[in-house]
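Numbering (the numbering used here), first residue to last: 1 to 187. For every residue, glycine included, the Cβ atom is placed at its ideal position computed from N, Cα and C. Here the structure is a predicted model, which means the values were calculated and not measured. Read through the structure below, which is laid out as structure tokens, and then see the notes.
Spelled out as structure tokens, the structure:
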């Protein structure tokens, strides 16, 4: 577990940077970690990869971008069967639960992941930018997230892709514009 840690810049709980950096987290909690810039709980950047197995939780992490997780030009997979939770995270700018940046930011959430009660200015649940991609499938749920401006559940812009498959859903989210999802090609 990574609990109550702080980083002045990125990756309050964990940081993985570089093409040869890969890791797997299983049956663990990343809670109450703080980052001054990106990734309150976890930062992945520059070609690193990370998989989350069963019962991994990112909770109550504040940051400017990606209160729970920030992914910049890296790969993150929530693998199943998994009970992964991103709950109660906050970002002052974007991506309350998670923020994804760049064409190489590829994220797959493919089982019972819960993203709830996260907040941000944009993308209360998820913020995608500059060609990032996010696929939610299986029983994945974005629930009760809020944004002060754009995309209560998710905000996607700048050629980013958000795909919902199967029973995946965005529900009970709120924002000034795009209560569930706000998508724009600009950005």
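- prompt: Hey, quick one: how far does the beta strand (DSSP E) through residue 139 stretch, first residue to last?
  reply: On the chain shown, position 139 is the one that residue 139 refers to. Premise fails: residue 139 is in no beta strand (DSSP E) and is neither H nor E.
query: Excluding five sequence neighbours on each side, which residues of the same chain lie with their C-beta closer than 7 Å to the C-beta of residue 24?
result: In the chain shown, the residue the question calls residue 24 occupies position 24. So the list reads 51, 53, once near-sequence residues are dropped.
- request: Would you mind working out which of 31, 29, 39, 27 sits nearest residue 15, comparing C-alpha positions?
  value: In the chain shown, residue 15 corresponds to position 15, counting from 1. Minimum Cα distance to residue 15 is reached at 39.
- prompt: What residues match up with residue 177 in a beta bridge as DSSP calls it?
  reply: Working through the chain shown from its first residue, we reach residue 177 at position 177. Looking at the DSSP assignment, residue 177 forms a beta bridge with 150.
message: For residue 90, list the residues DSSP reports as bridge partners.
response: Taking the chain shown and counting its residues from 1, the one referred to as residue 90 is at position 90. DSSP output for residue 90 lists 62, 119 as bridge partner(s).
task: Could you tell me the distance, in whole angstroms, from the CA atom of residue 60 to the CA atom of residue 98?
output: Taking the chain shown and counting its residues from 1, the one referred to as residue 60 is at position 60. Taking the chain shown and counting its residues from 1, the one referred to as residue 98 is at position 98. Those two C-alpha atoms are separated by around 12 Å.
- prompt: Since residue 88 contacts residue 41 with CB under 8 Å, what's their CB separation in whole angstroms?
  reply: Taking the chain shown and counting its residues from 1, the one referred to as residue 88 is at position 88. Taking the chain shown and counting its residues from 1, the one referred to as residue 41 is at position 41. With 8 Å as the limit, residue 88 and residue 41 do not qualify as a contact, their Cβ atoms being about 11 Å apart.
- prompt: From residue 174 to residue 9, what does the alpha carbon distance come to, in whole angstroms?
  reply: The count along the chain shown starts at 1 and reaches residue 174 at position 174. The count along the chain shown starts at 1 and reaches residue 9 at position 9. Roughly 29 Å between the two C-alpha positions.
- prompt: Would the C-beta of residue 113 count as close to the ligand SAM, meaning under 8 Å from any of its heavy atoms?
  reply: For the structure depicted, the ligand SAM is absent and the ligand set is empty, with no information on it obtainable.
query: According to DSSP, is residue 56 helix, strand or coil?
result: For this step, residue 56 is matched to residue 56 along the chain shown. Strand, per DSSP.
task: Please classify residue 20: is it buried, with 16 or more other beta-carbons within 10 angstroms of its beta-carbon, or exposed?
output: The sequence position of residue 20 within the chain shown is 20, counting from 1. Flag for residue 20 reads exposed.
message: As a quick exercise: from 55, 157, 32, 163, pick the residue whose alpha carbon is nearest that of residue 84.
response: Residue 84 sits at position 84 when you count from the first residue of the chain shown. When only C-alpha atoms are compared, the closest one is 55.
query: In terms of alpha-carbon separation, which member of 63, 31, 103, 107 lies closest to residue 120?
result: Within the chain shown, numbered from 1, the residue matching residue 120 stands at position 120. Among 63, 31, 103, 107, the Cα nearest to that of residue 120 is on 63.
- prompt: Excluding five sequence neighbours on each side, which residues of the same chain lie with their C-beta closer than 6 Å to the C-beta of residue 118?
  reply: Residue mapping note: residue 118 aligns to position 118 of the chain shown, counting from 1. So the qualifying residues of the chain are 89, 96, 97, 124, 125, 145.
task: Indicate the three-state DSSP secondary structure (helix, strand or coil) for residue 104 in the structure shown.
output: Here residue 104 refers to the residue found at position 104 when the chain shown is read from its first residue. Reduced to three states, the DSSP call for residue 104 is coil.
- request: State the Cα-Cα distance for the pair residue 181 and residue 58, rounded to the nearest angstrom.
  value: Residue numbering aside, residue 181 sits at position 181 when the chain shown is read from its first letter. Residue numbering aside, residue 58 sits at position 58 when the chain shown is read from its first letter. Cα to Cα, the separation comes out at about 22 Å.
field: Supposed contact pair residue 102 and residue 127 - C-beta distance, whole angstroms, cut 8 Å
entry: Residue 127 sits at position 127 when you count from the first residue of the chain shown. Residue 102 sits at position 102 when you count from the first residue of the chain shown. At roughly 13 Å, the Cβ-Cβ gap does not stay under 8 Å, so residue 127 and residue 102 are not in contact.
Neighbourhood of residue 143 by C-beta, 6 Å cutoff - its chain only, sequence neighbours within 5 removed: Taking the chain shown and counting its residues from 1, one reaches residue 143 at position 143. Taken in chain order, the residues that qualify are 116, 171, 172.
- request: With DSSP as the reference, label residue 7 as helix, strand or coil.
  value: Working through the chain shown from its first residue, we reach residue 7 at position 7. Note: residue 7 maps to strand in three-state DSSP.
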